[in-house]
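Asker: Going down the list, the sequences are from chains A and B. So in our numbering, spot 56 of the first sequence is number 56, and the numbers just go up one at a time. So in our numbering, spot 235 of the second sequence is number 590, and the numbers just go up one at a time. We put the CB at the ideal spot given by N, CA and C, even for glycine. Before I ask anything, here is the structure I am working with.
Protein chains: 2
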Amino acid sequence: MKSNFLKIILTFSLLFASSLFAKEKVYKLKLATTWGPTAIPLIDAPKNMAAMVKKMSNGRLLIKVDASNKHKAPLGILDMVKGGQYDMGHSTSYFWKGKDIDTLPFTTMPFGMTALEQYAWFYNAGGMKLMQKAYAKHKVLSFPGGNTGVQMGGWFQKEIKTLNDLKGLKMRIPGFAGEIMAELGVLVTNLAPGELYTALERGTIDALEWVGPSMDIKMGFHKIASYYYTGWHEPGAETQYLVNKKSFNKLPKDLQEILIVAMRASAYDMFIQNYHLSGLALGKMLKEYPNIKIKAFPKEVMDGMKKANTLLREVVSKKSALLKEVLDHQESYLKQVRPWSEMSDYLYLRDNLTK
Amino acid sequence: MKSNFLKIILTFSLLFASSLFAKEKVYKLKLATTWGPTAIPLIDAPKNMAAMVKKMSNGRLLIKVDASNKHKAPLGILDMVKGGQYDMGHSTSYFWKGKDIDTLPFTTMPFGMTALEQYAWFYNAGGMKLMQKAYAKHKVLSFPGGNTGVQMGGWFQKEIKTLNDLKGLKMRIPGFAGEIMAELGVLVTNLAPGELYTALERGTIDALEWVGPSMDIKMGFHKIASYYYTGWHEPGAETQYLVNKKSFNKLPKDLQEILIVAMRASAYDMFIQNYHLSGLALGKMLKEYPNIKIKAFPKEVMDGMKKANTLLREVVSKKSALLKEVLDHQESYLKQVRPWSEMSDYLYLRDNLTK
Numbered sequence: 001m002k003s004n005f006l007k008i009i010l011t012f013s014l015l016f017a018s019s020l021f022a023k024e025k026v027y028k029l030k031l032a033t034t035w036g037p038t039a040i041p042l043i044d045a046p047k048n049m050a051a052m053v054k055k056m057s058n059g060r061l062l063i064k065v066d067a068s069n070k071h072k073a074p075l076g077i078l079d080m081v082k083g084g085q086y087d088m089g090h091s092t093s094y095f096w097k098g099k100d101i102d103t104l105p106f107t108t109m110p111f112g113m114t115a116l117e118q119y120a121w122f123y124n125a126g127g128m129k130l131m132q133k134a135y136a137k138h139k140v141l142s143f144p145g146g147n148t149g150v151q152m153g154g155w156f157q158k159e160i161k162t163l164n165d166l167k168g169l170k171m172r173i174p175g176f177a178g179e180i181m182a183e184l185g186v187l188v189t190n191l192a193p194g195e196l197y198t199a200l201e202r203g204t205i206d207a208l209e210w211v212g213p214s215m216d217i218k219m220g221f222h223k224i225a226s227y228y229y230t231g232w233h234e235p236g237a238e239t240q241y242l243v244n245k246k247s248f249n250k251l252p253k254d255l256q257e258i259l260i261v262a263m264r265a266s267a268y269d270m271f272i273q274n275y276h277l278s279g280l281a282l283g284k285m286l287k288e289y290p291n292i293k294i295k296a297f298p299k300e301v302m303d304g305m306k307k308a309n310t311l312l313r314e315v316v317s318k319k320s321a322l323l324k325e326v327l328d329h330q331e332s333y334l335k336q337v338r339p340w341s342e343m344s345d346y347l348y349l350r351d352n353l354t355k
Numbered sequence: 356m357k358s359n360f361l362k363i364i365l366t367f368s369l370l371f372a373s374s375l376f377a378k379e380k381v382y383k384l385k386l387a388t389t390w391g392p393t394a395i396p397l398i399d400a401p402k403n404m405a406a407m408v409k410k411m412s413n414g415r416l417l418i419k420v421d422a423s424n425k426h427k428a429p430l431g432i433l434d435m436v437k438g439g440q441y442d443m444g445h446s447t448s449y450f451w452k453g454k455d456i457d458t459l460p461f462t463t464m465p466f467g468m469t470a471l472e473q474y475a476w477f478y479n480a481g482g483m484k485l486m487q488k489a490y491a492k493h494k495v496l497s498f499p500g501g502n503t504g505v506q507m508g509g510w511f512q513k514e515i516k517t518l519n520d521l522k523g524l525k526m527r528i529p530g531f532a533g534e535i536m537a538e539l540g541v542l543v544t545n546l547a548p549g550e551l552y553t554a555l556e557r558g559t560i561d562a563l564e565w566v567g568p569s570m571d572i573k574m575g576f577h578k579i580a581s582y583y584y585t586g587w588h589e590p591g592a593e594t595q596y597l598v599n600k601k602s603f604n605k606l607p608k609d610l611q612e613i614l615i616v617a618m619r620a621s622a623y624d625m626f627i628q629n630y631h632l633s634g635l636a637l638g639k640m641l642k643e644y645p646n647i648k649i650k651a652f653p654k655e656v657m658d659g660m661k662k663a664n665t666l667l668r669e670v671v672s673k674k675s676a677l678l679k680e681v682l683d684h685q686e687s688y689l690k691q692v693r694p695w696s697e698m699s700d701y702l703y704l705r706d707n708l709t710k
């Protein structure tokens, strides 16, 4: 009798102990980024996310962030997350368009939505659902990872007054925007980031596109280029978190929610951080090099780019029904929300111009 | 011997049980909002925050959100959080300017920062520190709670062509903006929200300011007013979370972090949700009432408002050294970052106008 009682007590003790243990189980995830260890603010999004997750989970979920110098495959993030070498990634969706054209429109599109319009599309108008649909075949979840805002049109050595000035121009501009430029007669070249400064300085190229003030300043282009053109091709480039579905499903529900909220908060934070850094960097560049001319492409050039864009969108839309669905969905949403952007942000800034 | 052993086992069982209990202790907080139960999207920020917190904490932190119909003190949120009747609040800072002028500049200022500039100021340029400084005397913590974006200048029955058109105009416009309007000869009146529609319809007032399309549409002003003027006085009105310091300090560190991250994410989310809702509402209003004229105030009127604003800022700055410090800090930050807003968002929207 007593012995039975003892057994019961022991069983309960073990139950308590194991339930306690289960609560405190530590989950560890590995995250690979496209970015180098000093690529601020891009690298800050996953780093800050991991720090938030650790604190919120009281150390029960630990995420190790590997910069590209660690895994040596900056453009292989989707493959590594898909294959399970990494549980998570931080990169940007249009890098995989060569492997899966459906992933193209979740970063940004030329003449497309601004960051605010695109966040509204993702979170309030069905964009998230379409993105999950596009990534379902890879058994990977995808979330916004932080926005660069409007990316600049690039650094040019001579003024672009007409469409003719683009013909024969040697420019580094990758991706869909590069295809548009090629359509207009630009000789699009691709160079490694480390070679860009020298190539522009020596005249090997006449122009190049990078990101915007926050990241361009570290490349030093403002020291050698004459014109800084405003943006048209990446009005709100969103980076991206990728999560291997199996890794995600292994987490308890509370840690899943902690991960999701931390990704969302860190993405918004990166967008804001980049806005801040761009403001400061622009001021610094113009102070040190007051002769830099900031220009918007003239109407003729813009119209030419828009026409080439429309043409190339039609071509690419034929490659996949899902891609066409997403592009049409984005275009229709932009039409709905843009009048508000004009009535609010545009007119407010117009009526308070600093010069 | 056996009996001693039994005691030891029992003691361990209790230790396990209590340690388990400590882990699972449920914390309950009460939050009071200024908003009514259907004031979307304002009320959604604290509701979504509470839902995130519940899921992330696995039910260990529960926040009950009371709309204003529950506590009947929509403008008494700071007092209730300070006094401990509520642990938290969701409202907006400039509501307390009558009690403490230092709280004025954390919502928005006429001709001041846009939502993006202001978030950058809060999170990257010292704004948060200044806000905590202003609220320290109340033993309350304060956090951004979601932004309305640019608020509209209001609904008018006649066109405003010159400063003279403002003289004698009867308008409902509260707060600092109302003082500016009064300076320009407007007869500023204050009416309860429920009386506004009838007052505008019957000509008791000639104009009124509310929020923006997302919330104005429910008030129905577009059915009876001729002109919808764009914004100048609240370019990025931020709502606010308040947290009683004692209530906050009682929480374990992980729940504090969960609360902080959920407040931040829900604030950004509300800003984006409102952008979306405003886009949709504007489209709907203009479709149903195509004769509504959207106008920006002409330069003469804007200049008059700016002049009155500068004057009133000087007057109010004299009331408190901390207020002056914050206003100067904001102004200096705006000067740093605005050229980037113009080069990015403004020029991009300008070169892609829908009409």
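Can you check which of these residues, A:Lys-99, A:Glu-159 and A:Glu-195, is closest to Val-301 (chain A) by C-alpha distance?
Answerer: The candidate whose alpha carbon is nearest that of Val-301 (chain A) is A:Glu-159.
Asker: Tell me, please, whether the CB atom of Lys-55 (chain A) is closer than 7 Å to any CB atom in chain B?
Answerer: By this cut-off, Lys-55 (chain A) is an interface position.
Asker: When you compare each of B:Glu-534, B:Gly-567 and B:Met-640 to Ala-663 (chain B) by their alpha carbons, which one comes out closest?
Answerer: Ranking B:Glu-534, B:Gly-567 and B:Met-640 by Cα distance to Ala-663 (chain B) puts B:Glu-534 first.
Asker: Determine the closest residue to Glu-195 (chain A) out of A:Trp-210, A:Lys-137, A:Ser-142 and A:Lys-54, with distance taken between C-alpha atoms.
Answerer: Of A:Trp-210, A:Lys-137, A:Ser-142 and A:Lys-54, the residue nearest in Cα terms is A:Trp-210.
Asker: Can you tell me whether Asn-249 (chain A) is buried or exposed, with buried defined as 16 or more other CB within 10 angstroms of its CB?
Answerer: Result: exposed.
Asker: Using the three-state DSSP reduction, which class does Glu-201 (chain A) fall into: helix, strand or coil?
Answerer: Reduced to three states, the DSSP call for Glu-201 (chain A) is helix.
Asker: Determine whether the Cβ of Leu-29 (chain A) lies closer than 7 Å to any Cβ atom of chain B.
Answerer: No - not a single Cβ of chain B is within 7 Å of the one on Leu-29 (chain A).
Asker: Could you say which of B:Pro-568, B:Thr-389 and B:Gln-595 lies nearest to Thr-585 (chain B) if we only look at CA atoms?
Answerer: Per the Cα distances, B:Pro-568.
Asker: Terminal residues of the continuous beta strand (DSSP E) containing Ala-387 (chain B)?
Answerer: It spans 382-388 - the beta strand (DSSP E) in which Ala-387 (chain B) sits, taken as one unbroken run.
Asker: Of all the CB atoms in chain A, is at least one closer than 7 Å to the CB of Gln-512 (chain B)?
Answerer: Not an interface residue.
Asker: Taking the continuous beta strand (DSSP E) assigned at Asn-244 (chain A), which residues delimit it?
Answerer: Per DSSP, Asn-244 (chain A) belongs to the beta strand (DSSP E) from 238-244.
Asker: Can you give the Cα-Cα distance for Gly-36 (chain A) and Lys-710 (chain B), rounded to whole angstroms?
Answerer: Going by the C-alpha atoms only, they are around 42 Å apart.
Asker: Indicate whether at least one CB of chain A lies closer than 7 Å to the CB of Gly-482 (chain B).
Answerer: Gly-482 (chain B) does not count as touching chain A.
Asker: For the region 36-64 of chain A, list every residue whose C-beta sits within 8 Å of some C-beta in chain B, in sequence order.
Answerer: Within the region 36-64 of chain A, the qualifying residues are Met-52, Lys-55, Met-56, Ser-57 and Asn-58.
Asker: Whole beta strand (DSSP E) runs in the region 570-649 of chain B with 3 or more residues, listed along the chain?
Answerer: List check, beta strand (DSSP E) in window: 582-584 and 593-599.
Asker: For the region 406-422 of chain B against the region 468-488 of chain B, do three or more pairs of beta-carbon atoms, one drawn from each stretch, fall closer than 8 Å, so that the two count as touching?
Answerer: Result no; under three Cβ-Cβ pairs closer than 8 Å.
Asker: Cutting at 6 Å between CB atoms, please list the residues of its own chain near Gly-501 (chain B), excluding the five before and the five after it.
Answerer: These residues qualify, in order along the chain: Ala-400, Thr-594, Ala-622, Met-625 and Phe-626.
Asker: Within the 7 Å Cβ cut-off, does Ser-353 (chain B) reach chain A?
Answerer: A query on residue 353 (chain B) cannot be resolved here, the shown segment of chain B reaching from 356 to 710 and no further.
Asker: Using 8 Å as the cut-off, can you tell me whether the region 272-285 of chain A makes contact with the region 68-78 of chain A, which would need three or more C-beta pairs spanning the two stretches below that distance?
Answerer: Too few Cβ pairs lie closer than 8 Å, so no.
Asker: Per DSSP, which residues does Ala-207 (chain A) bridge with? Please list them.
Answerer: Answer is A:Phe-156 and A:Met-171, bridged to Ala-207 (chain A).
Asker: For Val-404 (chain A), I'd like the list of residues in its chain whose CB is within less than 6 Å of its CB, leaving aside the five on either flank, ordered along the chain.
Answerer: An answer regarding residue 404 (chain A) cannot be provided, because it is not within the stretch 1 to 355 covered by chain A.
Asker: In three-state terms, what does DSSP make of Lys-47 (chain A)?
Answerer: It is helical.
Asker: What is the rounded straight-line gap between the Cα of Ala-592 (chain B) and the Cα of Thr-447 (chain B)?
Answerer: Their backbone Cα atoms lie some 8 Å apart in a straight line.
Asker: Given that Ala-262 (chain A) touches chain B, what residues does it touch there, using C-beta distances under 8 Å?
Answerer: Neighbours of Ala-262 (chain A) on chain B, chain order: Val-616.
Asker: Short check: CB of Met-52 (chain A) to CB of Val-616 (chain B), under 7 Å?
Answerer: Contact: yes.
Asker: Using the DSSP secondary-structure output, state which residues sit across from Asn-188 (chain A) in a beta bridge.
Answerer: The sequence as given places Val at residue 188 (chain A); Asn does not occur at that position. DSSP lists A:Met-171 as partners of Val-188 (chain A).
Asker: Taking all protein chains shown into account, do 16 or more other C-beta atoms lie within 10 angstroms of the C-beta of Lys-218 (chain A), making it buried, or fewer, making it exposed?
Answerer: Its Cβ having fewer than 16 others within 10 Å, Lys-218 (chain A) is exposed.
Asker: Ignoring anything shorter than 4 residues, give me the alpha helix (DSSP H) runs that lie fully in the region 94-143 of chain A, in order along the chain.
Answerer: Listed in chain order, the complete alpha helix (DSSP H) runs (minimum 4 residues) inside the region 94-143 of chain A are 115-124 and 127-136.
Asker: Which residues of chain B have a Cβ atom closer than 7 Å to the Cβ of Ile-224 (chain A), listed in chain order?
Answerer: Within chain B, no residue comes near Ile-224 (chain A); the closest Cβ sits about 20 Å away, beyond 7 Å.
Asker: What are the start and end residues of the beta strand (DSSP E) that includes Met-443 (chain B)?
Answerer: 443-446 is the span of the beta strand (DSSP E), which, as asked, contains Met-443 (chain B).
Asker: Using a cut-off of 8 Å between C-beta atoms, extract the partners of Ala-475 (chain B) located in chain A.
Answerer: Within 8 Å Cβ-Cβ: Ile-272, Gln-273, Tyr-275, His-276 and Gly-279.
Asker: Which residue marks the beginning of the beta strand (DSSP E) containing Tyr-658 (chain B), and which one marks its end?
Answerer: The displayed chain sequence assigns Asp, not Tyr, to residue 658 (chain B). No beta strand (DSSP E) contains Asp-658 (chain B), which is instead part of the alpha helix (DSSP H) from 654-672.
Asker: Can you tell me whether Leu-62 (chain A) is helix, strand or coil according to DSSP?
Answerer: In the structure shown, Leu-62 (chain A) sits in a strand (DSSP, three-state: E or B).
Asker: Can you list, in chain order, the residues of the region 655-670 of chain B whose Cβ is nearer than 9 Å to any Cβ on chain A?
Answerer: Listed by position along the chain: Met-657 and Lys-661.
Asker: I need the DSSP call for Gly-296 (chain B), collapsed to helix, strand or coil.
Answerer: Because chain B in this structure spans residues 356 to 710, residue 296 (chain B) falls outside the shown range and cannot be described.
Asker: With a threshold of 7 Å between beta carbons, is Met-698 (chain B) in contact with chain A?
Answerer: Yes, Met-698 (chain B) lies at the interface with chain A (some Cβ there is under 7 Å from its Cβ).
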